[in-house]
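These protein sequences, in sequence, are chains A and B.
If you're matching positions, the first sequence starts at 16 in our numbering and goes up one per residue.
If you're matching positions, the second sequence starts at 11 in our numbering and goes up one per residue.
Report on the structure given below.
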Amino acid sequence: MSKLLGVHGLAIGYGRSILLSGINLSIDQRDWWGIVGPNGAGKTTLVKTLLGIIPALEGRIEHQARLSFGYVPQRGVIDDIFPLAALDVVVMGRYPRIGPCRRVTRADRELARHYMERVGIAHLADRPFRSLSGGQKQRTLIARGLVPEPDVLVLDEPTDGMDIAGEAGIMELISDLHRGSGLTILMISHSLNLVANYARELMLIHGHEGVFRTGPTDELLNAATLKDVYGLSVDVHAFDGRKFLFAHGANEPRPER
Amino acid sequence: MDWVRSIPVLSSLLLVERNGMTFLDALPILQNGILAGLFVALVSAFLGVYVILKRIVFVSAAISQVSSLGVACAFLVAALLGHHASEVKSQFLSGPGLTSVVFACLAALLLARQVSEKRITRESILGIGYVLPAGLTLVILDLLSAEAHAIEDILFGNSVFVSAEQLRVQAVTAVVVLLVHALLYKEFIFTSLDPETATACGMKTRLFNRILLLTIAFTIAVSIMSIGALPVFALMVMPASAALTLTQRLRTAFVLSVAFGVAAALVGFYLSFVFSLPTGPIVLATAGLFLVPGGAKALLQRWRLVAAAAA
């Protein structure tokens with residue numbers, strides 16, 4: 016597996032205020048990274064720094080020549096005031112490849128339709144984006160993230176606010192994409208259960224406590240580490256090949272086994 | 011003239027008389043003003059779609075005030091150097107026209123900057139950016155009270171009597187701004203809709219945002235000297251708002267907005283002649299009429315929902 020991205024002594028934050036420093040990280044092709052931590056821990060700040068949306072305050076980020084990212088933001092960032100069809104939103108993913116002063120071609124539209132079909136929303140191409148359900152919007156944004164045919168797909172809370180069926184559908188879709196095309200995945204999630212069952216590698220982050228740990232999910236997702244990061248007692252159980260995490264209050268005694 | 015008389019509706023519109031002169035007779039006098047108004051309407055209504063979608067209505071209001079301050083400053087500096095207002099006015103492109111554009115563009119670049127909202131909100135900055143230049147402009151006008159009339163002609167626009175030079179500037183502005191937008195349409199839309207994803211995909215989001223704001227600032231600075239700040243603001247906000255309430259397609263919104271803006275300018279100029287009303291306000295009022303279909307559509311949809319719920 017070839018190394019796509021290396022991070023050395025990175026400090027992240029906004030303005031001059033450092034949230035977390037001393038971050039070292041190496042991301043390889045075909046990796047699936049879960050990024051977890053409490054609210055305000057710096058998960059999105061880290062991802063935005065890796066993507067170049069906000070500048071690194073210290074350290075350096077090295078990546079493979081011509082490494083390309085597909086970014087799937089939280090669906091709420093798309094302002095519903097824009098009167099755009101779902102296909103228009105997906106085609107936008109091609110714009111950086113097309114370049115300024117050049118028109119969108121039929122091939123670009125066909126590619127956008129192909130990825131809409133891939134994520135199961137080909138029939139919604141002409142529907143206004145603002146009229147779609149939460150799950151349909153999320154699939155549209157995933158299709159937009161895929162349409163530049165990136166090396167790394169970065170997802171910020173892809174199942175946030177979804178019901179159990181929507182969540183399962185989105186996670187199966189991402190899993191298929193990862194298996195099928197070997198896409199490298201970076202996924203921020205609040206759901207430890209999702210990350211435990213899909214991500215092979217884990218970034219545990221808590222900026223205010225100066226915590227940044229990386230490693231295989233199976234090793235890192237244990238009661239001791241989670242206690243450090245969340246300040247909670249968390250039980251990790253395995254059943255039928257899947258992992259389940261249960262949290263107790265910080266001072267709550269664990270149930271009798 | 012006989013061919014006009016032979017066309018029933020056109021003749022009754024064009025040959026309507028006011029103060030012993032028909033609209034057709036007055037056209038040679040009014041044509042620069044009408045053409046300038048059409049150019050302003052065309053480009054302002056187009057840019058207005060971005061102004062509404064990016065939720066920067068008050069950025070455009072603040073830019074127009076800063077631009078007006080630029081005009082007033084040109085006259086103030088000239089007066090301090092001993093020049094008369096009429097001399098400054100005759101050197102329009104190197105004097106008030108230039109300062110107006112420079113001030114507006116600087117304001118746009120400043121307002122394009124991201125600010126931390128922990129101590130002062132963006133709304134507060136816009137409020138200050140609107141009211142402070144407006145106050146300073148009034149102070150300068152008071153200081154130059156002897157020449158105030160000449161300055162006000164430029165500051166608030168004289169929609170009827172627009173000079174050939176101003177008309178040329180207006181036409182070139184419209185062509186250049188629309189050309190820039192034709193070339194960078196994709197970039198402006200993506201970076202306006204989702205700036206973070208556009209940046210993550212490798213687009214120069216800040217650059218495109220600055221170019222977009224500069225085209226808005228440039229248009230405002232030039233246009234307020236043709237028809238005044240209030241009508242320019244109205245043509246930037248109302249046709250686009252009306253268009254966006256009527257369509258689910260962005261390209262249709264641009265087309266409708268331009269059509270509404272141009273129609274408001276044409277009808278406004280005509281009504282201003284027929285009823286001897288001030289041109290700027292009547293253009294503004296006409297633009298407001300185009301909000302009625304969107305409002306009616308929204309009411310109808312709400313009524314249908316209520317009826318469906320009751321059934």
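Note that the Cβ used here is the ideal one computed from N, Cα and C, for glycine as well.
What you are looking at is a predicted structure, and each value in this text was computed from that prediction instead of being measured.
- Residues of the region 237-268 of chain B with a C-beta less than 7 Å from any C-beta of chain A: LEU254, THR257, GLN258, ARG259, LEU260, ALA263, listed in chain order.
- Taking 8 Å as the threshold, the shortest C-beta distance from THR207 (chain B) to chain A falls below it.
- Under the Cβ distance rule, VAL51 (chain A) does not count among the residues neighbouring chain B, no pair being separated by less than 8 Å.
- The three-state secondary structure of MET235 (chain B), taken from DSSP, is helix.
- In this structure, the alpha-carbon of ARG109 (chain A) lies about 11 Å from that of PRO115 (chain A).
- In the DSSP assignment, the residues bridged to MET218 (chain A) are A:ILE50, A:THR229.
- Take the alpha-carbon of LEU223 (chain B) and the one of GLN176 (chain B): they are about 22 Å apart.
- LEU235 (chain A) sits close to ARG228 (chain A), with the two beta carbons spaced by under 8 Å.
- Contact note: GLU133 (chain B) does not reach chain A at a C-beta cutoff of 8 Å; the least C-beta distance is about 17 Å.
- For GLY74 (chain A), the uninterrupted beta strand (DSSP E) run begins and ends at 73-78, by DSSP.
- DSSP, read as helix, strand or coil, puts GLY305 (chain B) in helix.
- Taken atom to atom, the span from the alpha-carbon of LEU142 (chain B) to that of GLY30 (chain A) is near 28 Å.
- Of all alpha-carbon atoms in A:ASN208, A:ARG159, A:ASP178, A:SER41, the one lying nearest the alpha-carbon of GLY256 (chain A) is that of A:ASN208.
- Contacts with chain A at 8 Å (Cβ-Cβ) do not include LYS307 (chain B).
- Of the other Cβ atoms in all chains shown, fewer than 16 fall within 10 Å of the Cβ of GLN41 (chain B); this residue is therefore exposed.
- Secondary structure note for THR209 (chain B): its alpha helix (DSSP H) is the uninterrupted segment 205-210.
- Within the same chain, and ignoring the five residues on either side of ALA118 (chain B) in sequence, the residues whose Cβ sits closer than 7 Å to its Cβ are ILE73, LEU223, LEU224, ILE226, ALA227.
- ALA114 (chain B) carries a helical assignment under DSSP once its states are collapsed to helix, strand and coil.
- Short of 7 Å from the beta carbon of ALA184 (chain B), and not among the five residues preceding or following it, lie these beta carbons of its own chain, in chain order: PHE49, LEU52, VAL53.
- About 4 Å separates the CB atoms of LEU102 (chain A) and ALA140 (chain A); that is less than 8 Å, so the two are in contact.
- Only residues of its own chain outside the window of five on either side were considered, and among them ASP171, ILE203 have a CB closer than 7 Å to the CB of THR59 (chain A), listed in chain order.
- According to DSSP, residue pairing for THR199 (chain A) in a beta bridge involves A:VAL167.
- For VAL92 (chain A), the number of other beta carbons within 10 angstroms of its own is below 16, and it is reported as exposed.
- Interface with chain A (8 Å Cβ-Cβ cutoff): ALA55 (chain B) is excluded.
- Closer than 8 Å to the CB of GLY271 (chain B) there is not a single CB belonging to chain A.
- Excluding residues up to 5 positions away in sequence, VAL134, ILE136 lie with their Cβ nearer than 6 Å to the Cβ of ARG154 (chain A) in the same chain.
- Close CB contacts of HIS221 (chain A) within its chain, under the 7 Å cut and outside five residues either way in sequence, are with GLY52, PRO53, ALA56, VAL244 (chain order).
- VAL87 (chain A) is bridged by DSSP to A:LEU170.
- Beta bridge pairing from DSSP links LEU20 (chain A) with A:ILE42, A:HIS78.
- Excluding sequence positions up to five before and after LEU63 (chain B), its CB lies within less than 7 Å of the CB of SER202, all in the same chain and listed in chain order.
- Apart from sequence neighbours up to five positions away, the residues of its chain that approach VAL249 (chain A) with a beta-carbon distance below 8 Å are LEU207, ALA238, LEU241, LYS242, LEU260, PHE261, ALA262, HIS263, ordered along the chain.
- With a threshold of 8 Å between beta carbons, PHE68 (chain B) makes no contact with chain A.
- For the region 152-172 of chain A, the residues whose beta carbon sits under 9 Å from a beta carbon of chain B are, in order, LEU156, ARG159, GLY160, PRO163, PRO165, VAL169.
- When the five nearest sequence neighbours on each side are left out, the beta carbons in the same chain lying within less than 7 Å of the beta carbon of GLY176 (chain A) are those of GLY149, in order along the chain.
- In this structure, LYS152 (chain A) lies near ARG90 (chain A), with their beta-carbon atoms less than 8 Å apart.
- If you look at HIS129 (chain A), you'll find it in the alpha helix (DSSP H) that goes 121-133.
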